[in-house]
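Every number in the numbering used here is 69 more than the matching position in the sequence shown, counting from 1. Glycine included, C-beta positions come from ideal geometry on N, C-alpha and C.
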Amino acid sequence: KPIILTPVIPKEEKYPEFPLSEYKPNNIVFLIDVSASMKYTGKLDLLKASMIEMTNLLRDVDNITIVTYASHTIVEMETMSANNKDSIIHKIEGLKAKGMTAGGKGLKLAYSKACESYIAHGNNEIIMATDGDFNSGSENVYKLAKKYNAKGVKVSVIGIKNREVHETSMKKLASNGGGNYLKIDTFDDAKKRLVEEVKISSKL
């Protein structure tokens, strides 16, 4: 019988779209506005499509955590490796919108989760998704963003079908947090913007 040798595939080739040789490991904490306004005009559905697209791109070395905020701030999904794609997508699909907005508390909790699962020499990033002006409550979110950016955790902000009046505060938060501001208005945006953001942030 001839001996059939199975070729050893280098790890890099396992992820042709997102090779380990070119992109740092990611520690991503989603901070999602699930207040009542996210129910309307398909906003939450656009965000879910975007998150699922990004989850499908990620690798075993990448981690995702999901924190939601409305009237209360909740850890919807503890830190999970992206090799559990089915579980992560199931969690994303189950997100529902209800309640008021309390963004400042949400940001504090997201930073605490990002620090718990911090990856040295990786891309440690909070991705905050909201459709409008976040009610920061008693927290100074801009100061918080600067403080944690200095510790190696950046924050980017996704505006979901948001109005221009809210863009200034979103851009300021992303700028102070060392991240980017992304706008998602259409399904086409949803399919590519978040994937592009993670690639830019984790490029070696």
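Endpoints, beta strand (DSSP E) assigned at residue i
i: Val43; result: This structure gives no information on residue 43, because the portion of the chain shown stretches from 70 to 273.
i: Asn209; result: It is not in any beta strand (DSSP E) - Asn209 carries neither H nor E in the DSSP assignment.
i: Gly228; result: Lys223 to Ile229
Delimiting residues of the alpha helix (DSSP H) encompassing residue i
i: Glu266; result: Phe256 to Ser271
i: Leu251; result: Looking at the DSSP string, Leu251 is not in any alpha helix (DSSP H); the run it does join, the beta strand (DSSP E), is Gly247 to Ile253.
Cβ shell of residue i (< 6 Å), same chain only, five flanking positions each side left out
i: Asn245; result: Tyr211, Ala214 and Lys215
i: Tyr217; result: Tyr180
i: Thr134; result: Val98, Thr148 and Lys182
i: Arg262; result: Leu251 and Ile253
i: Lys108; result: Ala166
i: Met146; result: Ile135 and Lys160
i: Asn231; result: Asp200 and Gly201
Cutoff 7 Å; reference residue i; Cβ partners in own chain excluding five residues on either side
i: Glu236; result: Gly228
i: Cys184; result: Val222
i: Ser207; result: With a pLDDT of 49 at Ser207, under the threshold of 50, the predicted position of this residue should be treated as unreliable, and no value is reported.
i: Leu273; result: Glu91, Tyr92 and Lys93
i: Lys241; result: Tyr211
i: Ser186; result: Asn96, Asn132, Thr134 and Thr148
i: Lys112; result: Asp200, Ile229 and Lys230
Collapsed DSSP secondary structure at residue i in the structure displayed
i: Ala189; result: coil
i: Met239; result: helix
i: Tyr92; result: strand
i: Glu194; result: strand
Same chain only: Cβ atoms within 8 Å of residue i, ignoring 5 sequence neighbours per side
i: Ile269; result: Asn249
i: Ser225; result: Glu194, Ile195, Ile196, Met197, Ala243, Gly246, Gly248, Asn249, Tyr250, Leu251, Glu266 and Ser270
Any contact between the segment 178-185 and the segment 119-131? By contact I mean 3 or more CB pairs, one from each, below 8 Å. no
Which whole runs of the beta strand (DSSP E) in the segment 107-165 are 3 residues long or more, in chain order? 132-138 and 142-150
Evaluate the contact criterion for the segment 111-118 versus the segment 157-176: three or more CB pairs, one atom per stretch, below 8 Å. yes
Measuring CB atoms only, is the segment 127-145 touching the segment 95-109, in the sense that at least three cross pairs come out at less than 8 Å? yes
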